[in-house]
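Before any comments, here is the structure.
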Amino acid sequence: MTVAAVDTAPGLAPGAVRPARTCTWGTPTGPCGADAQPYMDGYRCRDHSPVARLARTAAAKEATRMDPTPEQAEVIAAYGDGVDLTVQAGAGCGKSTTLKEVARSDPRARMLYIAYNKPIALDAAKSFPSNATCKTGHSLAYDARHQVRLSIPYQTAHVAAQALGVREILARDLGEDGRSTQAVMADDARVVAMTSKKVMRFALDAVRRWCYSADPEMTAAHIPRVDNLTRPDTREAIARLVLPVARAAWADLMQSDGVLRMEHDHYMKAWALGRPRLAADVVLLDEAQDTNDVLTAVLLDQDHAQRIAVGDSAQAIYAWRGANDALAKFPGDTLTLSQSFRFGVAVAEQANVWLNLISAPLRLIGHEPTASVVGPVDQADAILCRTNAGAVGVVIEALAAGRKVALVGGGGAIKSLAYAALDLLDGKPTDHPDLMGFTNWAQLQEYAAEEAGSLRVLVKLIDDFGAEAMISAAEALVTEQRADLVVSTAHKAKGREWSRVTLHGDFTPPRPDPSTGLRLLRREYARLAYVSVTRARHALDCAVLDWVHDGSIVITD
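Under my numbering, think of the first position of the sequence shown as 14, with each following residue one higher.
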């Protein structure tokens, strides 16, 4: 505790205390101005002294305490038994609150709470007890020495290819074949040129996918699959070009004087390869279903610590970027949290339709004091879409209707797709990950006509509105604080909630099998639907998912 300083300045008797000054603690209207005494951080009045501030912080943390539900109490008791645990916790069921109470139950233990992202970690640090350190996986791995490489300006694939010297790498590894632009055969039997920037785009994506994984070496399995370039011989040809460049890129990233821009996943992979030991008695992993394999492997290696992993396997929707549901990999008993505090009974019933379909280990209990309805919603706060292309269409239509629209994640993805479409319309290749398997717009149109996914929606948007309209729409977006409508993909909506939610029409049903009439629905699609319906607190319009009730749906992996 800091006490009033003794002033020995000239003119005062030894041991005398300088007369009170005014408090300099900042308030919204300026310095406090009350009578004050000197402290290490300036002149402070009684209310703003360090002791008073610490007391208020402690009181605020205490105010966040709640009486645990029987399920939460069971988790806290199981922690006290000293065993590893996994906890299946449904949407809005107090995952983070439960982990906070675990930390409070044993103030002598060094606890490490690992959050899914930085905002969650910062928020947790305000309310978790002092024996808990709140971090993200990336902040565990971060070293200040990386900052220079992280600060390199964003590089296009073309700039990165020139900086790394892709042509020289291919000439060294492939000999004469590497000195000229190679070509591969597309699924539609047309030839696609593998330019330096396209090879670099594949290579950078391969490095990123490897960084998500627990694999010690980079292989062809880490090279992303691209529409229209899926033939086995084509994949082999792409790997022959891409792997030498991807490995050279990683070697460059590990050099202090390298030329490529470092990303956060790069230093995390380097940290994980060193098999770190975490300074904690207990590791509390939140949102475990979204944990990438690279971090999961590090945590499974912490045999000295008790581990509690909390999450919702039904919300595991990021397998495409290396998150393979860590809950299934952690040892120990499994408990559940099923009482949702986010929404009422009606929304919980919709969620349980999807939980039942995928045979999830829990069913949600709605919060009875919270009124919720399922049906048509006027003036939704948020419209959720399954695809990026669907979100673009909603944005364009809403702007045309005079709405002030925000898009979760911003308009960068829209502009990137639109500029890639302009390249194809001009007959030029693009290195956009979704479109680099095509050489011109006509080829993409033909391919999309036979494909029922997001490319068909994208082609229709461009053909109906034009790429320039998409760019204009992206530039007309406003912040969420200024918006009267928020548009989001279901993936980006995860972790968010709104009062009134409508699901967009791109949640289309799978086509029925001609012989059986059954509709095969991928498990990840069903999980995405579950995530979407559980974003609503009070009103939910999910009529576009009514097809789930016709009895023809069969889940497939």
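Glycine included, each C-beta is placed from N, C-alpha and C at the ideal position.
Problem set entry | Residue burial classification, residue 84 (beta-carbon count within 10 angstroms, cutoff 16) | Taking the sequence shown and counting its residues from 1, the one referred to as residue 84 is at position 71. Per the 10 Å Cβ criterion, buried.
For this session: Could you check the C-alpha separation between residue 323 and residue 522 for me, to the nearest Å?
Result: Indexing the sequence shown from 1 puts residue 323 at position 310. Indexing the sequence shown from 1 puts residue 522 at position 509. Approximately 31 Å between the Cα atoms of the pair.
Exercise. Residue 30: buried (16+ other C-beta within 10 angstroms of its C-beta) or exposed?
Worked result: Residue 30 sits at position 17 when you count from the first residue of the sequence shown. In this prediction, residue 30 scores a pLDDT of 48, lower than 50, which makes its location untrustworthy; the coordinate-derived value is nonetheless stated afterwards. It is exposed - the Cβ of residue 30 has fewer than 16 other Cβ atoms within 10 Å.
For this session: Check whether the segment 304-313 touches the segment 245-259, counting contact only when three or more Cβ pairs, one atom from each stretch, lie closer than 8 Å.
Result: no
For this session: Kindly list the residues whose CB is nearer than 6 Å to the CB of residue 198, restricted to its own chain and excluding five residues on each side of it in sequence; keep chain order.
Result: As a working mapping, residue 198 is identified with position 185 in the sequence shown. Closer than 6 Å at the Cβ level, and outside the excluded window around residue 198, lie 247.
Exercise. Does any heavy atom of the ligand COA sit closer than 7 Å to the C-beta of residue 543?
Worked result: For the ligand COA, the structure offers nothing, since it holds no ligand at all.
Problem set entry | Terminal residues of the beta strand (DSSP E) in which residue 244 lies | For the purposes of this step, residue 244 is taken as residue 231 along the sequence shown, with counting starting at 1. Unbroken run through residue 244: none, as it is neither H nor E.
Exercise. Should the segment 165-174 be called in touch with the segment 127-147, which here means at least 3 C-beta pairs below 8 Å?
Worked result: no
Problem set entry | Own chain residues within Cβ distance below 7 Å of residue 345, not counting five before or after | Taking the first residue of the sequence shown as 1, we reach residue 345 at position 332. Result list for residue 345: 96, 97, 98 and 99, in chain order.
Exercise. How is residue 376 classed by DSSP in three states: helix, strand or coil?
Worked result: Residue numbering aside, residue 376 sits at position 363 when the sequence shown is read from its first letter. Coil.
Exercise. In its own chain, which residues sit with a C-beta less than 8 Å from the C-beta of residue 470, not counting the 5 before and 5 after it?
Worked result: The sequence position of residue 470 within the sequence shown is 457, counting from 1. Here the set comprises 400, 402, 403, 406 and 519.
Problem set entry | Per-residue DSSP class, three states only, for residue 417 | Residue 417 sits at position 404 when you count from the first residue of the sequence shown. Of the three classes helix, strand and coil, the one that applies to residue 417 here is coil, per DSSP.
Problem set entry | Beta-bridge pairing of residue 195 - partner residues as DSSP gives them | In the sequence shown, the residue the question calls residue 195 occupies position 182. Bridge partners of residue 195: 207.
Exercise. Is the segment 336-350 in contact with the segment 115-129, if contact means three or more CB pairs nearer than 8 Å?
Worked result: no
For this session: May I have the straight-line CA-CA distance separating residue 281 from residue 152, to the nearest angstrom?
Result: Working through the sequence shown from its first residue, we reach residue 281 at position 268. Working through the sequence shown from its first residue, we reach residue 152 at position 139. Their backbone Cα atoms lie some 9 Å apart in a straight line.
Problem set entry | Pairwise C-alpha distance: residue 205 and residue 240 | Stepping through the sequence shown from its first residue, residue 240 is reached at position 227. Stepping through the sequence shown from its first residue, residue 205 is reached at position 192. Each residue's Cα considered, the two are about 12 Å apart.
For this session: Kindly say whether residue 341, judged by its beta-carbon, lies nearer than 8 Å to any beta-carbon of chain B.
Result: In the displayed structure, chain B is absent; only one protein chain is listed.
Exercise. Which value, in whole angstroms, describes the spacing of the CA atoms of residue 129 and residue 47?
Worked result: Start at 1 with the first residue of the sequence shown, and residue 129 comes out as number 116. Start at 1 with the first residue of the sequence shown, and residue 47 comes out as number 34. For residue 129 and residue 47, the distance between alpha carbons rounds to 42 Å.
Problem set entry | Backbone CA spacing between residue 63 and residue 126 [nearest angstrom] | Position 50 of the sequence shown, counted from the start, is the residue given in the question as residue 63. Position 113 of the sequence shown, counted from the start, is the residue given in the question as residue 126. Spanning the two alpha carbons is a distance of roughly 27 Å.
Exercise. Are three or more beta carbon pairs between the segment 437-451 and the segment 366-384 nearer than 8 Å?
Worked result: no
Exercise. Buried or exposed: residue 238, going by 16 or more other Cβ atoms within 10 Å of its Cβ?
Worked result: The count along the sequence shown starts at 1 and reaches residue 238 at position 225. Looking at its Cβ environment, which holds fewer than 16 other Cβ atoms inside 10 Å, residue 238 is exposed.
Exercise. With DSSP run on the structure shown, which of helix, strand or coil describes residue 309?
Worked result: Reading the sequence shown from its first residue, position 296 is the one you call residue 309. DSSP places residue 309 in helix when its eight states are reduced to three.
Exercise. Which same chain residues, not among the five before or five after residue 76, have their C-beta less than 6 Å away from its C-beta?
Worked result: Taking the sequence shown and counting its residues from 1, the one referred to as residue 76 is at position 63. Legend: pLDDT at residue 76 = 41, less than 50; position of this residue unreliable, value from coordinates given subsequently. There are no such residues.
For this session: Please list, in chain order, all residues of the same chain as residue 564 whose beta carbon is under 6 Å from its beta carbon, the five residues on each side excluded.
Result: Taking the first residue of the sequence shown as 1, we reach residue 564 at position 551. Closer than 6 Å at Cβ, skipping near neighbours: no residue.
Problem set entry | C-alpha gap between residue 182 and residue 268, whole angstroms | By 1-based counting over the sequence shown, the position of residue 182 is 169. By 1-based counting over the sequence shown, the position of residue 268 is 255. Straight-line Cα distance between these residues: approximately 17 Å.
For this session: With a cut-off of 8 Å on the beta carbons, I'd call residue 413 and residue 306 a contact; round off their distance for me.
Result: One-based indexing of the sequence shown puts residue 413 at position 400. One-based indexing of the sequence shown puts residue 306 at position 293. Contact doesn't hold; Cβ gap of about 43 Å is too wide.
Exercise. Going by DSSP, which residues form a beta bridge with residue 511?
Worked result: Taking the sequence shown and counting its residues from 1, the one referred to as residue 511 is at position 498. 549, per the DSSP bridge assignment.
Problem set entry | Segments of 4+ residues assigned as alpha helix (DSSP H) that fall wholly inside the segment 421-482 | 425-438, 454-462 and 467-478
Problem set entry | Sufficient close CB pairs (3 or more, under 8 Å) joining the segment 428-446 to the segment 201-219 | yes
For this session: Would you mind stating whether residue 36 and residue 52 have Cβ atoms separated by less than 8 Å?
Result: Numbered from 1 along the sequence shown, position 23 holds the residue referred to as residue 36. Numbered from 1 along the sequence shown, position 39 holds the residue referred to as residue 52. No; because the gap between Cβ atoms is not below 8 Å, this pair is not in contact.
Exercise. When DSSP labels each residue in this structure, what does residue 103 get in the three-state scheme?
Worked result: The sequence position of residue 103 within the sequence shown is 90, counting from 1. Coil, per DSSP.
Problem set entry | Whole-number beta carbon distance between residue 304 and residue 327, since they are thought to touch under 8 Å | Here residue 327 corresponds to residue number 314 of the sequence shown, with the count starting at 1. Here residue 304 corresponds to residue number 291 of the sequence shown, with the count starting at 1. With a Cβ gap of about 15 Å, residue 327 and residue 304 do not count as contacting.
Exercise. DSSP beta-bridge partners for residue 55?
Worked result: In the sequence shown, the residue the question calls residue 55 occupies position 42. 52.
For this session: Can you give me the start and stop residues for the alpha helix (DSSP H) that residue 5 sits inside?
Result: Because residue 5 is not part of the residues shown, which for the chain are 14 to 570, the question remains open.
Exercise. When burial is assigned at 16 or more other CB atoms within 10 Å of the CB, is residue 243 buried or exposed?
Worked result: Residue mapping note: residue 243 aligns to position 230 of the sequence shown, counting from 1. Under this definition residue 243 is an exposed residue.
For this session: Determine the burial state of residue 408: buried for a count of at least 16 other Cβ atoms within 10 Å of its Cβ, exposed for fewer.
Result: For the purposes of this step, residue 408 is identified with residue 395 of the sequence shown, where counting begins at 1. Flag for residue 408 reads buried.
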